[in-house]
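> Structure in structure tokens, see below.
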Amino acid sequence: MPPHPVPAREWEFAGARGAITARIWPHPDPRYVAVLAHGYGEHLGRYQHVADALVRHGAVVAGPDHLGHGRSAGERALVTDVDDLVADLDTVVASARGDHPDLPVVLVGHSMGGLVAARHAQLHGGALAALVLSGPVIGRWEVLGPLLAADAIPDTPIDVATLSRDPAVGEAYARDPLVWHGPFKRPTLEALVAGLARVAEGGAFGALPTLWLHGSDDALVPLEGTRQGIDAVRGDDLRERIYPGARHEVFNETHRDEVLADVTAFVDDVLGPPR
Numbered sequence: 000m001p002p003h004p005v006p007a008r009e010w011e012f013a014g015a016r017g018a019i020t021a022r023i024w025p026h027p028d029p030r031y032v033a034v035l036a037h038g039y040g041e042h043l044g045r046y047q048h049v050a051d052a053l054v055r056h057g058a059v060v061a062g063p064d065h066l067g068h069g070r071s072a073g074e075r076a077l078v079t080d081v082d083d084l085v086a087d088l089d090t091v092v093a094s095a096r097g098d099h100p101d102l103p104v105v106l107v108g109h110s111m112g113g114l115v116a117a118r119h120a121q122l123h124g125g126a127l128a129a130l131v132l133s134g135p136v137i138g139r140w141e142v143l144g145p146l147l148a149a150d151a152i153p154d155t156p157i158d159v160a161t162l163s164r165d166p167a168v169g170e171a172y173a174r175d176p177l178v179w180h181g182p183f184k185r186p187t188l189e190a191l192v193a194g195l196a197r198v199a200e201g202g203a204f205g206a207l208p209t210l211w212l213h214g215s216d217d218a219l220v221p222l223e224g225t226r227q228g229i230d231a232v233r234g235d236d237l238r239e240r241i242y243p244g245a246r247h248e249v250f251n252e253t254h255r256d257e258v259l260a261d262v263t264a265f266v267d268d269v270l271g272p273p274r
């Protein structure tokens, strides 16, 4: 595949609570499907370089902008039930499987998208060949309690330096009009608490090969809180890569090429080497 960016095609479908915009990055002769689930407050357009790497590796790539995010409908950054996002993600997975019924599906979820992907794996793991969780919000996320206990949720913008050691990442995030730059909404916090509890109680991933990626210096979703969640859901085949000094967005870190190479090597190990 050529090294230049692969253009995405957008499509829209009726989601659980409103119209969802999804993207597809095509491949002329794919050997697997990769489905991406982005994090809270952002959108799938920030994953162009991830999609490019996966397409070059042999994947057709797809994913939604979650409800209330990016180009999808809904009040901005409002999530009232994580399972709504899971249902919308499953629509994309089912569509990709319908278009490519003979291909295995690899699900990649980052941050809140990791929570959504983990829940999807618990509910629909039989549809997946492999799961990748990047800085996932599962387990113990201590920021939720103090925010919910506050009379008024503070309108404090995210410190963009917590995203990556590459300052260009934070600068682009701060300028991005499709990124939510406002405060958490109380129903969203309550939905995340309920979603964390569902995943904690939802059982292990069984035989599903799972790769967990995390930065050791992740101040947004601290490593040890997530480790509790990983221990609750880990199945028979869990691999982990903890990157020293890396911050929250490991796909946007200064060593992003290493991270993406770890993902593609994992996929090759699960699916077999490219043709």
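For the sequence shown, the positions run 0 to 274 when numbering that gives the first Met the number 0 is used. Heads up, the beta-carbon is just placed ideally off N, CA and C, and yes, glycines get one too. All values derive from a computational prediction rather than experimental measurement.
According to DSSP, which residues form a beta bridge with residue 31?
The beta-bridge partner set that DSSP reports for residue 31 consists of 58.
> Taking the C-alpha atoms as reference points, what is the distance between residue 85 and residue 3?
32 Å
> Straight-line CA distance for residue 12 to residue 23?
13 Å
> Which of the three DSSP states is assigned to residue 139 in this structure?
coil
> For a test of the three-state rule: what should DSSP assign to residue 222, helix, strand or coil?
helix
> Quick check on the DSSP output: what are the complete alpha helix (DSSP H) runs of length 4 or more inside the segment 54-101, in order along the chain?
Correct list: 81-98.
> Under three-state DSSP, which class holds residue 1?
Residue placement at residue 1 is flagged as unreliable, the pLDDT there being 44, under the threshold of 50; the coordinate-derived value follows with that caveat. Reduced to three states, the DSSP call for residue 1 is coil.
> From residue 140 to residue 93, what does the alpha carbon distance come to, in whole angstroms?
Answer to the nearest angstrom: the Cα atoms are 30 Å apart.
> Quick check on the DSSP output: what are the complete beta strand (DSSP E) runs of length 3 or more inside the segment 116-188, in order along the chain?
129-133
> With a threshold of 7 Å on Cβ separation, who are the neighbours of residue 47 within its own chain once the five nearest residues in sequence on each side are excluded?
Excluding residues within five positions, the ones whose Cβ falls inside 7 Å are 4.
> Might you give, ordered along the chain, the residues of its own chain that have their beta carbon closer than 8 Å to the beta carbon of residue 181, omitting 5 neighbours on each side?
Counting only Cβ-Cβ distances below 8 Å, and skipping sequence neighbours, we find 75, 76 and 154.
> Can the beta-carbon of residue 7 be found closer than 8 Å to that of residue 72?
If you check the CB distance, residue 7 and residue 72 do not come in under 8 Å.
> Taking the alpha-carbon of residue 146 as reference, which of 126, 184 and 173 has the nearest alpha-carbon?
184
> Would you report the Cα separation of residue 40 and residue 253, rounded to the nearest angstrom?
22 Å
> What do you get for residue 215, buried or exposed, if any count of 16 or more other CB atoms within 10 angstroms of its CB means buried?
Burial call: exposed.
> Go ahead and pull the three-state DSSP assignment for residue 210.
strand
> Taking just the CA atoms, how far does residue 235 sit from residue 113?
Annotation: residue 113 to residue 235 spans about 19 Å, alpha carbon to alpha carbon.
> Less than 8 Å between CB atoms is the rule here; does residue 263 satisfy it with respect to chain C?
This model lacks chain C altogether, as it is built from one protein chain only.
> Using the Cα positions of residue 108 and residue 53, report the straight-line distance between them to the nearest angstrom.
So the alpha carbons of these two residues sit roughly 14 Å apart.
> Please state if the CB of residue 120 and the CB of residue 210 are separated by a distance shorter than 8 Å.
Contact flag unset, no.
> Residue 45 by DSSP, collapsed to three states: which one?
helix
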